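Chains as they are written, first to last, in the UniProt record's numbering: chain A, 1 to 337; chain B, 1 to 337; chain C, 1 to 337; chain D, 1 to 337.
What follows is the structure, encoded as structure tokens:
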């Protein structure tokens, strides 16, 4: 069911969860002319959005009562128990034909399960994987969306308002055929049945980890080139800030992550404010699980994940065991450096 | 010695090696108003450039005789013996104050060595690492340049003509200070002494391998999600073309390599024209050597290189050995699938 | 509850599943003086064991009726549905105090779940991870056993019969203290509560993959040293058979897997009978999952698993994508070699 | 030239370099009935060996004067300049037919070069890769030896004295044919021309790194299973000491390195005396270089090397860059934990 025609109709939806992501998505929807019923368990957040034009709601029950059918509930909460329990409650409050959207970072198998439960009650379940971070309010959100096709069509005006749109990014050669789904060029796609949206977003994040680690290792090698351990005529004291900048301009490895790198290095080439203890969220882990279920080699994506684990500990027990084995066969005593 | 002022003076240089890269660099220099003395050991290539306005030369001797001092020789030949022997010959033909530019993909330690030999004869040696591939003629070349600062200043008009210039790429926050070297924002930098240009370009390519492999693994996982080995309700038949397209638009992983991916997939989602036997050039290998010399972990960059090696063989002896061990302890007989 | 005293009492247990592993375990138990009630859904296997002295049973019901309480059921079936459904049936047939042993390769979380169900019925659940492969009948089985301590003590005569015993393997320095659990030196241990036996065996297999891949890569490098692509005076045509043999004798990397390698290479240095398409069972995959749950870096164990995945396909889609990107930026056309 | 017959003739050789390895090799040769001329630039070491029966020498010149032709010089010094300069001096002192043995850990390409220089002077060059560490004096040394075949035959009585001999290690099936070189079963082999001995030893060490890291990661996963971050019923507090011990006895992953692991854990399960900052010598690095020269994937061996690099730093610049990028797109502020 290719989507072609723009519909600029005004819609009304509930935004449940008004953290940074939820609040900004609500704002961008309002900018696009849509009405928001705003709810969060933290009342000041509701008040804030109300001050920006949203209709406040004090409970999920009030959310449900405020909307007319078919109701659209956009849940924007941390994956896991918060999302799970909220959707469970909404399933009790919803009527056949209503739409529940999980816009968070849920594990896609949870979507598959919940979509089945929803279908049994005549509800439509839609999962939206969203990329764009804190920049999305202004740049627009890149969205990967799972659910049934007809439901997606009914939601197009919302996604259109949220997406970046065609903008200034050049058309890919061989695209633009009238028979193809035009959504992709606007910055959102229908990925397939429920769960597929979060699945594609999950792999997006897996790739993101890999890209980031590739840059990290490369800059490590650049920085290490000034090491006093190298022969004197093979040392270079490189200007990492300028290197990141020049690579943005015409090189094969230009990217948005490189833009961010250039920004960080322009501010402080030593990156001294950063701890280097790097968090990971579920997606990197789930991507490797998916690779293993499919028997697909994922050397780079897994290595990128492991580098984050390693960044958060000083010494592993395994490292001590290596020292112990070396002592065992060679009598090597390894001293802290 | 920060570079600030634009000089639009016309220069005259020899381009030695008129393969795809050399010819296009010569063309872009001529477009920029510079004069080219063109030489290649393959006369038709010389004739072709002469037809586009270059002064032909039939030998390196003729090249040297045609230029006036200080002569500028740009060598654009395959790394290794072709570059080495040509530079050796030029060192014999050159006079003090002349400049030899190695614009190819030489190993940076060869640059260091050759720059010392040149210095003993009063010659200036400059190494230019160039990124941009076949797109450089129109987009401009991103250049990382090693050599002494004064020589670089004398060559600025050339690099300015070759580089992409500031163009439409947004300024990085915190940049644009009048005391910083403005070259980076034009798309070329002075990286440091001779060898450092090729070193930075080498790491650029190492990163490139890592980025490419991250995308490759991610798309592999997307494609594998339709496998009949998965539970039926966990299979998705994903549209990779649309996914690549949507990620170009507002996602965290947008990049030029992703643009190329989207182009390839838009043409043929199955990529059937490609063998999947992936070549590697020296830079990936040298990047890992550099990492090892510095004791920097390079899990991702090395894995990306190894994936290319693996892509070029059907079965490794190591795989057979795994089968043999499994047979040894478990009696497993592994059959071709 | 340290185990000290040997009890040579004769026991009677049911062996359910008479495949290669189950039949051999039954045989080794009978050699140790124990009585076996033998059952398999494949009657000829039952007949075979009956011919060797076991009491045949035609159904699980008959198994239950033949044993006296507390009954001991040793289930030795493929992990997943076969084991799951059999244990479910046995839980229905068993009486409080009976013991169900899962000796297969179950996922440890299934053990945890099943042990809870058993406990609710007053049954004892024991999981036995077994290493030793086809050699166990004669060498004895190395066993990692989860379950409650008292149940383990009641089963010691069985495990003692199955384990290799102290044998000729030298005592580890600092061991042999009378207060320590002596089981480890006999070749079996109580690892902790239900599930822990299979967990430890799972990690054992994860390590096994890593060890195997380390040898595989090393021998690949030895073999590749004769490549015509190398400079002639840096090529060696190495005798891999002799190398494997000599490493068995006094080298740091001697191991049982190396013994198997030497055996395979002594038979055929080319390993021509082996396809090199290497299977993997669940344990390698589960080990990486466990590592991710614990945020432990597992570079080597995951790479070893991925090498097996890669060994089973000719070309990955990811490899084609790399070719496509290279074509995109460099115009490289990669041909099959 | 298969070696069959044992010759128990007494030989006389110079041992140059009396560090732990050199002194023990000298001692084992003396135990085997051979005579040692002992030299070290550190006189007390010479005196020590003289006290054990060696003939002392105060300089390389005196070493050369003390031996009769054909002289045999065994150089046992750190790889690099110490070995290089000593061999250079010996080449000046030696006469045609003399033999120079490099028993250290030289890079095999240095052997190839030096062997050519020796050949030009009529000298024989032999490189001996030695495994066995501090245990070799009593267990015997496993040796991989490069050089010309006739020279090797002349040295057999020495290698026979140093090697472990057939001992108690079982014969590999299909071995023992009278036409095969019997040396392998005694614990030393002729690997091929000069350089091949150190090449095979280098790969041995590369494998060693991989094996060690496989155990390290496995034990890390075992240890991490008690983490409070896991669900309570999925935590196990495992006895690593007993696990290492039981794996020595009948498991697929038994090995000498596991014996050492069991020893270390039996002494202190926490391994508290070890820093976990793990050194690496040249061989791991050179093995990866060799793999890259041959285009052989070496995922595991390289990862094992990188883990050692990583163990020696607290935080990498690359980790900080990851934090910086995360801050850039998500506003994440990563705090030290």
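Here a beta-carbon is modelled for each residue, glycine too, at the ideal position from N, C-alpha and C.
Treat the numbers as computed from the prediction; the structure is a model and nothing was measured.
Cα separation between residue i and residue j?
i, j, result
"residue 113(D)", "residue 80(D)", "13 Å"
"residue 351(B)", "residue 304(C)", "Because chain B spans 1 through 337 in this model, residue 351(B) falls outside it and cannot be assessed."
"residue 296(C)", "residue 218(B)", "22 Å"
"residue 319(A)", "residue 278(D)", "7 Å"
"residue 204(D)", "residue 91(C)", "51 Å"
"residue 323(A)", "residue 116(A)", "52 Å"
"residue 5(A)", "residue 333(D)", "Any reading at residue 5(A) is ruled out, since the residue's pLDDT is 44, under 50, leaving its predicted position unreliable."
"residue 243(D)", "residue 9(C)", "26 Å"
"residue 67(B)", "residue 266(B)", "48 Å"
"residue 191(B)", "residue 209(B)", "22 Å"
"residue 123(C)", "residue 154(C)", "14 Å"
"residue 161(A)", "residue 18(A)", "18 Å"
"residue 235(D)", "residue 182(C)", "24 Å"
"residue 138(A)", "residue 37(A)", "21 Å"
"residue 309(D)", "residue 128(D)", "28 Å"
"residue 109(A)", "residue 195(A)", "6 Å"
"residue 271(A)", "residue 253(B)", "22 Å"
"residue 84(A)", "residue 312(A)", "29 Å"
"residue 169(C)", "residue 216(D)", "23 Å"
"residue 275(B)", "residue 232(A)", "44 Å"
Whole-angstrom Cβ separation of residue i and residue j, contact assumed at under 8 Å?
i, j, result
"residue 273(A)", "residue 240(A)", "About 16 Å separates the two Cβ atoms, so there is no contact after all."
"residue 77(C)", "residue 89(C)", "About 12 Å; that fails the 8 Å criterion."
"residue 211(D)", "residue 257(D)", "6 Å"
Over the uninterrupted alpha helix (DSSP H) stretch that includes residue i, give me the two end residues.
i, result
"residue 25(C)", "20-31"
"residue 223(C)", "196-224"
"residue 282(B)", "282-294"
"residue 67(C)", "Note, residue 67(C): premise wrong, no alpha helix (DSSP H); not H, not E."
"residue 113(D)", "108-120"
"residue 87(A)", "81-93"
"residue 320(A)", "317-330"
Give me whichever residues DSSP pairs with residue i in a beta bridge.
i, result
"residue 15(D)", "38(D), 74(D)"
"residue 142(A)", "131(A)"
"residue 255(A)", "255(B)"
"residue 55(C)", "37(C)"
Can you give me the start and stop residues for the beta strand (DSSP E) that residue i sits inside?
i, result
"residue 131(D)", "124-131"
"residue 188(A)", "188-192"
"residue 100(D)", "99-102"
Quick one: is the Cβ of residue i within less than 7 Å of any heavy atom of the ligand NAP?
i, result
"residue 125(C)", "The model depicted lacks the ligand NAP and carries no ligand whatsoever."
Taking CB distances under 8 Å as the criterion, tell me whether residue i reaches chain G.
i, result
"residue 323(A)", "In the displayed structure, chain G is absent; the protein chains listed are A, B, C and D."
Contacting positions in the stretch 66-77 of chain B - beta carbon closer than 7 Å to chain A = none
For the stretch 237-271 of chain B, which residues have a CB atom closer than 7 Å to at least one CB atom of chain C, in sequence order?
-> 257, 260, 261, 263, 264, 271
Return the residues of the stretch 126-151 of chain D that lie within a Cβ-Cβ distance of less than 9 Å from chain C, sorted by chain order.
-> 131, 132, 133, 135, 136, 139, 140, 141, 142, 143, 144, 146
Which residues, taken in chain order from the stretch 107-123 of chain D, show a beta carbon closer than 7 Å to some beta carbon of chain A?
-> none
Output, in sequence order along the chain, the residues in the stretch 168-182 of chain C whose CB is closer than 8 Å to any CB in chain B.
-> none
Which of the residues in the stretch 221-233 of chain B, read from start to end, lie with their CB under 7 Å from any CB of chain A?
-> 221, 222, 224, 225, 227, 230, 233
If contact means a Cβ-Cβ distance below 9 Å, which residues of the stretch 290-316 of chain A contact chain C?
-> 291, 292, 293, 294, 295, 296, 297, 298, 299, 302, 303, 305, 306, 307, 308, 309, 310, 312, 313, 316
Any residues in the stretch 200-211 of chain B with a beta carbon nearer than 7 Å to a beta carbon of chain A? Which ones, in chain order?
-> 200, 203, 204, 206, 207, 208, 210, 211
Could you run through the stretch 273-292 of chain B and flag, in chain order, every residue whose CB is less than 7 Å away from some CB of chain D?
-> 285, 288, 289, 292
Give the residues from the stretch 21-50 of chain D that approach chain C closer than 8 Å (Cβ to any Cβ), ordered along the chain.
-> none
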